Amino acid sequence: MAETDPLVSFAAPSDTRLHVHGSKYSTVNQNPQTRSLKKGTDKQEGAQHEAYPARWFILAVFSLLCALQAATWNTWGPIADTVKVVLNWTDSDIALLTNWGPISFVITGFLFSYLLLVKGLRYCVLCSSLIFLLGLGIRCLPVGIDNLKWTMNAGHVCIGIAGPVMMSAPTEVSAVWFPPHQRTTSTAISTTAAFLGMSASFLVGPLIVTSIPQNSRMRSYSRCSRSNAPVLSGEAADFTEPVRHETQGQLQRWGPEDDQDTVGWIGFISNIAGMLAGLVIARLVDLLGGRMKAVLILLTAGAFIGCVWCVLLSMRYIPYSLMSVYITCIIIGVCVNASPPIFFEITVEGMYPVSEGNTTMVLTYLNNVAALIFLALPLIPNIGVIWMNWLLLGAIAVCIPLLMMYKEHYNRLDEDKMESSIQN
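In terms of this note's numbering, the sequence shown opens at residue 1 and continues consecutively.
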């Protein structure tokens with residue numbers, strides 16, 4: 001296969017940029033001397049950028065990996081009630097399986113950040129995929145119920161180790177393969193793919209596993225807290241990352257009369273709504289050519305309104321109804337889950353020329369540190385769950401003035417436009 005084949009170019013052993021005829025550049029930062037050798041261009045605002053059709057195949061494969069990793073990560077939360085009865089597991093056992101995600105990320109995150117810089121994107125994706133496959137294989141080992149806990153924990157450790165690349169590489173993929181007016185859309189597709197996998201886990205698990213009737217309000221709260229916890233580490237953003245943890249850990253927390261299937265549907269619908277909204281808003285940002293800060297402020301304000309409604313429902317200041325829970329979850333899901341791709345891109349733009357993968361790795365690392373703390377707090381005896389509602393509301397409220405004070409910079413986009421004008 002020729003060296004110019006895009007699928008081979010993706011390997012980039014010493015750099016994540018494409019290599020064509022011995023010249024090194026990305027799909028955006030073109031070498032004018034080799035522009036005549038290109039097989040296709042994508043024109044936007046007079047600029048010429050490489051646009052291989054294979055980029056959509058690469059994006060689809062990577063997005064599928066992200067979706068599968070998120071789905072397998074969230075295996076046990078949606079069926080926690082049944083698991084505690086059938087396998088005699090405790091809330092701590094189930095919480096530990098969830099916690100292996102952020103624990104593994106915190107331990108291996110900087111290692112993969114170094115490998116992304118030194119070995120390139122393809123090498124890291126392949127390594128993470130093999131580790132992910134190993135984790136799934138360990139979970140399938142035919143051991144007895146008494147030993148099942150050990151294989152599940154070992155499997156979830158491997159699944160968690162695969163997380164750093166799956167969570168941090170979307171911006172690297174978009175930078176390597178996509179022109180400027182498609183970057184945010186590309187990042188949104190691979191980022192929101194995790195929501196698709198998460199949504200599937202909320203739906204498939206309760207449909208396959210028999211639900212256990214609820215006997216107490218506190219048990220319902222505990223179950224709901226665990227069921228949505230893995231989303232906390234699924235994606236990352238900027239200084240609002242802790243908000244994502246509290247928000248997505250809250251979406252299914254209110255009704256003691258809601259059974260396991262209902263909670264699963266709430267999680268499924270809210271995540272799907274967030275995924276679709278993320279794609280639409282990301283495409284809008286690409287068409288606008290910036291203005292990410294304004295979009296993020298609007299999303300955060302919407303999340304704040306949804307969280308106020310959440311607190312009023314949980315405290316019974318307004319009448320409880322299942323429809324209100326659905327509406328609240330959808331509002332929070334849309335506003336919170338649509339923001340990570342925008343946060344990724346605005347941070348990468350401001351930090352450029354720092355590598356996209358390394359910048360996003362720092363964001364997701366902070367995300368998982370916050371998730372680890374948040375998931376560990378419910379393990380404290382008699383701590384309750386009401387504090388989560390107020391923490392959620394406070395975290396969202398703090399983010400609004402922080403976003404307003406932030407001065408957005410589009411260093412990468414400005415450089416692309418300048419180079420394109422010089423080439424033309």
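Yeah, the Cβ is synthetic: ideal placement off N, Cα and C, and Gly gets one too.
Remember, predicted model here, so these are calculated numbers, not experimental data.
Nearest CA to the CA of D146: which residue from L87, L298, I396 and L284?
Comparing alpha-carbon positions, the option among L87, L298, I396 and L284 lying closest to D146 turns out to be L87.
Checklist entry - From S201 to C66, what distance separates their C-alpha atoms? => result Counting only the Cα atoms, C66 lies some 13 Å from S201.
List the endpoints of the continuous alpha helix (DSSP H) containing W309.
In the DSSP assignment, W309 falls within the unbroken alpha helix (DSSP H) covering M292 to S314.
L296 and L403 - do their beta-carbons sit closer together than 8 Å? The criterion of a C-beta distance shorter than 8 Å is satisfied by L403 and L296.
*Nearest-angstrom Cα distance between M152 and C335?*
When rounded, the distance between both Cα atoms is 33 Å.
| request: State the DSSP-derived secondary structure class of R35, mapped to helix, strand or coil. | output: Here R35 scores only 35 on pLDDT, less than 50, and its place in the model should not be relied on; the value that follows carries that caveat. For R35, the secondary structure class from DSSP, reduced to helix, strand or coil, is helix.
query = Going by C-alpha distance, which of P340, Y326, G267 and M315 is nearest G278?
reply = Residue P340 is the option with its Cα nearest to G278.
message = On the DSSP letters alone, give me the boundaries of the alpha helix (DSSP H) that T191 sits inside.
response = Start and end: R183 to I208.
Worksheet item: Just curious, the alpha helix (DSSP H) that C335 is in, first and last residue?
Response: According to the DSSP assignment, C335 belongs to the alpha helix (DSSP H) that extends over L322 to N337.
* Between the CA atoms of V369 and W387 - distance to the nearest angstrom -> Computed Cα separation, rounded: 19 Å.
To the nearest angstrom, how far is it from the Cα of C158 to the Cα of W150? Cα to Cα, C158 sits roughly 13 Å from W150.
*Are three or more beta carbon pairs between the region 135–146 and the region 105–122 nearer than 8 Å?*
Taking 8 Å as the limit for Cβ pairs, the verdict is that the region 105–122 does not touch the region 135–146.
Distance between I396 and A303 (C-alpha atoms, nearest Å) | Near 7 Å, if we compare the C-alpha coordinates of I396 and A303.
Practice item. Could you tell me which of I138, N358 and V285 sits nearest to A169, measuring between CA atoms? Key: Checking every option, the nearest Cα to that of A169 belongs to N358.
Near L196, which residues of its chain fall below 6 Å by C-beta distance, leaving aside the five closest residues on each side in sequence?
Same-chain partners within the cutoff: A67 and M275.
For M167, which option in G137, I138 and S128 has the closest C-alpha, if you only look at C-alpha atoms? Of G137, I138 and S128, the smallest CA-CA separation from M167 is found for S128.
task: Work out the CA separation of T171 and S63 for me, nearest whole Å.
output: Here the C-alpha atom of S63 lies approximately 12 Å from the C-alpha atom of T171.
Quiz item: When DSSP labels each residue in this structure, what does S168 get in the three-state scheme?
Solution: It is helical.
**Prompt:** Is G135 closer than 8 Å to G155 when the C-beta atoms are compared?
**Reply:** Cβ atoms of G155 and G135: closer than 8 Å.
Open item on the list: Tell me which residues share the same chain as L299 and place their Cβ nearer than 7 Å to its Cβ, disregarding the 5 neighbours each side in the sequence.
Closed with: In its chain, beyond the 5 residues on either side, C335, A338 and S339 have a beta carbon closer than 7 Å to the beta carbon of L299.
Cβ pair count under 8 Å reaching 3, the region 182–190 against the region 80–95 | Verdict: no, contact absent.
- prompt: Can you give the Cα-Cα distance for V263 and V308, rounded to whole angstroms?
  reply: Just so you know, the alpha carbons of V263 and V308 end up roughly 20 Å apart.
Inset, instruction - Could you tell me if T360 is buried or exposed, where buried requires 16 or more neighbouring beta carbons within 10 angstroms of its beta carbon? - result: Classified as buried, T360 has 16 or more neighbouring CB atoms from the shown chains inside 10 Å of its CB.
query = How close, in whole Å, do the beta carbons of A282 and I332 come, if the pair is a contact with beta carbons under 8 Å?
reply = Between A282 and I332 a beta carbon distance of about 19 Å is seen, past the 8 Å cut, so the two are scored as non-contacting.
Check each candidate in F344, V176 and K417 and name the one with the smallest Cα separation from L59.
The shortest C-alpha to C-alpha distance from L59 to any of F344, V176 and K417 is the one to V176.
> From which residue to which residue does the alpha helix (DSSP H) around S92 run?
Replying inline: Where S92 is concerned, the enclosing alpha helix (DSSP H) stretches over D91 to V118.
Practice item. Note the first and the last residue of the continuous alpha helix (DSSP H) segment covering K149. Key: Segment I145 to I161, the alpha helix (DSSP H) holding K149.
(request) Please report the residue range of the alpha helix (DSSP H) in which N74 lies. (result) It is not in any alpha helix (DSSP H) - N74 carries neither H nor E in the DSSP assignment.
Determine whether the beta carbon atoms of T184 and V285 lie at a separation below 8 Å.
For T184 and V285, yes; Cβs fall inside 8 Å.
### Query
What separation, rounded to the nearest whole angstrom, lies between the Cα atoms of M198 and S174?
Inter-residue distance for M198 and S174 is about 22 Å (C-alpha atoms, whole angstroms).
How far does the alpha helix (DSSP H) with K407 in it extend, from its first residue to its last? Careful: K407 lies outside any alpha helix (DSSP H) and carries neither H nor E.
task = Within its chain, find whatever has a CB closer than 7 Å to the CB of L117; leave out the 5 residues flanking it on each side and keep chain order.
result = Only S355 and N358 meet the Cβ criterion.
- Cα separation between L413 and R55? Near 20 Å, if we compare the C-alpha coordinates of R55 and L413.
Fill in: N88, DSSP secondary structure in three states
In this structure, N88 counts as coil in the three-state DSSP scheme.
Member of H181, A193, P180 and G267 whose CA lies at the smallest distance from the CA of V204:
Ranking H181, A193, P180 and G267 by CA distance to the CA of V204 puts G267 first.
Proximal residues to I383 (C-beta, below 7 Å), its chain only, five neighbours per side dropped: The answer, listed in chain order, is L377.
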